[in-house]
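With the working numbering, the residue at position 354 of the sequence shown is 1369, and numbering never jumps.
Working notes, beginning with the structure itself.
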Amino acid sequence: MRFPDTDQAVAPVPDTSPGTGRWFDRHRWWVTRTAMLPVHVLVFAVVAFFLVSLIPGDPVVALTGGRLSAEDYASARADLGLDGPWWERLGRFLGDLVSLDLGTSLATGRDVAGELATRLPATLELALLGLVGSTVATLVVSWFAVTRRGSWFSRVVVGYARSAGAIPEFVLAIAAVFVFYAALSWAPAPSGRTSPMVPAPDTVTGFTLLDALLTGNGEAFASLAGHLLLPVLVMIAAHSAILIKMLLVGLDEAIDAPATRFRIATGAPRRVVVLSVYRRAAPAMVATIGMLFGYLMGGAVVLESMFALGGLGQYAVDAVTTADVVALRSFLVVTAASCLVIYLVVDLVTMTLDVRRRPGAVTGE
C-alpha cells in the first residue's frame, strides 16, 4: 500500500490539446502573470497621474511665487508641459513613460530618471536588507520554537508573533536611537549613511554597501554597515513577527503531516526530513514576504528621514513641498513598479513550491 504523500496529492490539469496549446497550458501559470506585469504598471500610472492631479495648488505659482504676468504664466505652463486638457497631458505622460522618459523635475530642472536612479538603490538596499534579515531570523527562530515546545524560548517567540504589527516602526526607531545611540553610544549618530570623515566608495552598482565590498574599501564598508545596522534591526523587529506567525502555523501542520511521518519511518536522513518540512510550510510565508516588501519600502522611506539616509524618501518629501508633480508621479510609478516586480517573483516562487497555487491545478483529494 502506498503511503499518502501531500507532495503527490495535487496534479495539474490534464493536458490534451496539441502543439502550442499544450506548451501554453503547461506554462500558463507563469506566462500570464509575466505578461500582465506591464498592464498593471500602466494601470497604476494612470491612477498616479490622477492622484497627483488632485493635489491642491498650482505648481507654476509654487515655483514662481505668483509674480508672473498672464502671458508669462501661460508660457511657463506650456514650457513645463502643464498646458492643455487632462487627456492630452495624460497621453503625453503615458507616451513618455513607454519610452522610459520620466520627464524633467520642475523644482531642480534635472532629469527625473537620473535623480531616481541615484536614489532608488539606497532605498532598495535598505528594504532588501530588512527583508533578508527578517526572513533569516524567521526561519531560525521558528524552527527552535517548534522543536522546543514548552520552553521559555518557545513561549517568548509565540508571544512575540502574536504581537505582529502592534508596535509601529517609527516608535521602534525612536526607541532604538534613544537606547543604542543616546544612552549606550553603541550605534553611530543617525546623521547619514557614513561617517563624515569616510569618503563614499566608488560607484559600481549604485548599491553603496555592495560597491564598498566590490572595490575592497573596508573602511567605507564598516562605516556603511554600522550606520545601516540600527535601521535594519528596527525593520526586523517590526516585521518579522508576522512572518514568524505564518511559518509557525505552517511548520505545525507540516511536522504532523503523514508525509513527514512516512519519511521518518523509511529512515530518510534528518536533512531530507527538515528540507521537506520547510518546503511544505514555506508557501504561505513566501506569499507574506511579497506583501511585506511593500511595507518595507514604505518603512524605508520613513527610516531614511529619521536616520538621514537619503534615498527616495527625502526625494518624495521634497517633491511634495515644492509641488513638483512630475517628480512625484514618477516616484509613485517607479515605487509601484518595483513592488509589482517583487510580487511577481514571489508569486512564481510560491507556485513553484506548491503546484496547488497554479492556475488550473486540481487536487487529488
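Yeah, the Cβ is synthetic: ideal placement off N, Cα and C, and Gly gets one too.
The structure presented is a predicted model; accordingly, all values stated were derived computationally and were not measured.
(request) In the DSSP assignment, find the alpha helix (DSSP H) that holds R1163 and state where it starts and stops. (result) Walking along the sequence shown from the start, residue 1163 turns up at place 148. In this chain, R1163 is not harboured by any alpha helix (DSSP H), its DSSP state being neither H nor E.
(message) Could you tell me the alpha carbon to alpha carbon distance between N1232 and D1094, rounded to whole angstroms?
(response) For this step, residue 1232 is matched to residue 217 along the sequence shown. For this step, residue 1094 is matched to residue 79 along the sequence shown. Taking C-alpha positions only, N1232 is separated from D1094 by approximately 45 Å.
(message) Could you check whether L1121 and A1342 sit closer than 9 Å to each other, using their CB atoms as the reference points?
(response) Here residue 1342 is taken as the residue at index 327 of the sequence shown, counted from 1. Here residue 1121 is taken as the residue at index 106 of the sequence shown, counted from 1. The criterion of a C-beta distance shorter than 9 Å is satisfied by A1342 and L1121.
(message) DSSP has D1126 in a bridge; who is on the other side?
(response) Stepping through the sequence shown from its first residue, residue 1126 is reached at position 111. Note: D1126 is bridge-paired with T1119 in the DSSP secondary-structure output.
(message) If contacts are defined as beta-carbon pairs under 8 Å, then T1220 and R1208 qualify, I think. What distance do you get, rounded to the angstrom?
(response) Taking the sequence shown and counting its residues from 1, the one referred to as residue 1220 is at position 205. Taking the sequence shown and counting its residues from 1, the one referred to as residue 1208 is at position 193. Contact between T1220 and R1208 is ruled out by a C-beta separation of about 15 Å, above the 8 Å threshold.
(message) So, at 8 Å on beta carbons, what are the nonlocal neighbours of A1297 in its own chain, with the 5 sequence-adjacent residues on each side left out?
(response) Reading the sequence shown from its first residue, position 282 is the one you call residue 1297. Same-chain partners within the cutoff: L1262, G1265 and L1368.
(request) Take H1254 as the anchor and find which of M1312, R1285, T1218 and G1072 has the nearest alpha-carbon. (result) For the purposes of this step, residue 1254 is taken as the residue at position 239 of the sequence shown. Closest by alpha carbon: M1312.
(message) Quick check: the stretch 1312-1325 against the stretch 1121-1137, are at least 3 beta-carbon pairs closer than 8 Å?
(response) Output reads yes: the stretch 1312-1325 touches the stretch 1121-1137.
(message) Taking the alpha helix (DSSP H) that D1111 belongs to, which residues open and close that run?
(response) Sequence index remark: in the sequence shown, residue 1111 carries index 96 (1-based). First-last of the alpha helix (DSSP H) with D1111: W1101 to V1113.
(message) So, for P1246: in the same chain, excluding its five sequence neighbours on each side, which residues have a beta-carbon less than 6 Å away from its beta-carbon?
(response) Indexing the sequence shown from 1 puts residue 1246 at position 231. Result list for P1246: L1318 and F1322, in chain order.
(request) My understanding is that L1187 touches A1252, with C-beta atoms under 8 Å, so please give their C-beta distance in whole angstroms. (result) Here residue 1187 is taken as the residue at index 172 of the sequence shown, counted from 1. Here residue 1252 is taken as the residue at index 237 of the sequence shown, counted from 1. With 8 Å as the limit, L1187 and A1252 qualify as a contact, their Cβ atoms being about 6 Å apart.
(message) Only counting the same chain, and skipping five residues up and downstream in sequence, which positions put a Cβ closer than 6 Å to that of M1016?
(response) Within the sequence shown, the letter at position 1 stands for residue 1016. A caution first: M1016 carries a pLDDT of 41, below 50, which makes its placement in the model unreliable, though a value can still be read off. Counting only Cβ-Cβ distances below 6 Å, and skipping sequence neighbours, we find nothing.
(request) Drop a sphere of 10 angstroms on the beta-carbon of A1338, count the other beta-carbons inside from all chains shown, and report buried for 16 or more, exposed for fewer. (result) Position 323 of the sequence shown, counting from 1, holds the residue named residue 1338. Buried, since its Cβ has 16 or more Cβ neighbours within 10 Å.
(message) Distance check for R1294 and R1278, CA to CA, integer angstroms please.
(response) Indexing the sequence shown from 1 puts residue 1278 at position 263. Indexing the sequence shown from 1 puts residue 1294 at position 279. Looking at the two C-alpha atoms, the distance is approximately 14 Å.
(request) Tell me whether A1272 sits in a helix, a strand or coil according to DSSP, three-state version. (result) Residue numbering aside, residue 1272 sits at position 257 when the sequence shown is read from its first letter. DSSP, read as helix, strand or coil, puts A1272 in coil.
(message) Using only the alpha-carbon positions, how far apart do L1144 and A1176 sit?
(response) Against the sequence shown, residue 1144 aligns to sequence position 129. Against the sequence shown, residue 1176 aligns to sequence position 161. Between the C-alpha atoms of L1144 and A1176 there is a straight-line separation of about 21 Å.
(request) Could you pull out every residue in the same chain whose Cβ sits closer than 7 Å to the Cβ of Y1088, ignoring the five residues on either side in sequence? (result) Here residue 1088 corresponds to residue number 73 of the sequence shown, with the count starting at 1. Counting only Cβ-Cβ distances below 7 Å, and skipping sequence neighbours, we find V1075.
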